[in-house]
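In the numbering used here, the protein residues as written are 30 to 233. Ideal Cβ placement from N, Cα and C applies to all residues, glycine included.
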């Protein structure tokens with residue numbers, strides 16, 4: 030992700046399913062932005078499918094895909110959460126949670142059977158989803174005096190950037206976001222104005 034400035038995620042929730050020898054696997058794919066959203070979706074599904082044997086899941090969060098987890102929820106190690114996580118990687122997704130709920134059908138599927146089932150259920154939910162591509166953007170805050178207002182606003186206008194928020198008093202503050210590929214260049218342009226302060230806030 031170091032040299033890319035776009036990422037893929039789901040546009041909305043989607044569902045899928047897979048069946049094998051009596052076992053039913055219901056898959057749910059959610060767009061998520063943080064751990065709290067993951068927790069809430071898991072709680073909701075555990076209430077909805079309170080009688081299911083397993084609620085296996087995997088997620089990837091963040092534009093750099095550094096926040097991820099795969100959970101087997103009682104299935105043999107590596108047989109379920111890892112195949113779901115593998116599908117997220119295969120489709121190059123982030124900010125995405127997939128939960129696969131299993132109802133046991135009475136016949137053991139074996140490790141290879143489980144891997145295929147959880148992978149197939151996850152894939153079905155992804156393929157039924159609307160996958161969107163979003164730009165990676167950096168958010169900055171500027172602090173400057175009122176006398177620099179025209180200079181600041183001209184730079185933003187020339188870059189076709191609209192402020193996210195403004196606080197224009199004796200000391201002015203302004204927040205803006207810029208596409209990752211243009212971030213360093215614009216940062217240097219503002220940094221060259223010695224009468225203002227520029228502060229990086231976060232990447233989205």
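- Scanning its chain for C-beta atoms nearer than 6 Å, with the 5 sequence neighbours on each side dropped, one finds around residue 172 the residues 202, 226, in chain order.
- Contact between residue 45 and residue 211 is ruled out by a C-beta separation of about 38 Å, above the 8 Å threshold.
- Look at residue 67 here: in three-state DSSP terms it is helix.
- Secondary structure of residue 156 (DSSP, three-state): helix.
- The DSSP assignment places 83-90, 96-100 as complete runs of the beta strand (DSSP E) inside the region 70-119, in order along the chain (cut-off: 3 residues).
- By the 16-neighbour rule on beta-carbons within 10 angstroms, residue 104 is buried.
- Counting the other Cβ atoms within 10 Å of the Cβ of residue 176 gives fewer than 16, which makes it exposed.
- DSSP places residue 180 in the helix class (H, G or I) of the three-state scheme.
- Ranked by Cα distance from residue 145, the first of 48, 37, 34 is 48.
- Here the region 186-204 does not lie against the region 128-137, with fewer than 3 beta-carbon pairs under 8 Å apart.
- In its chain, beyond the 5 residues on either side, 164, 165, 208, 209, 210 have a beta carbon closer than 7 Å to the beta carbon of residue 34.
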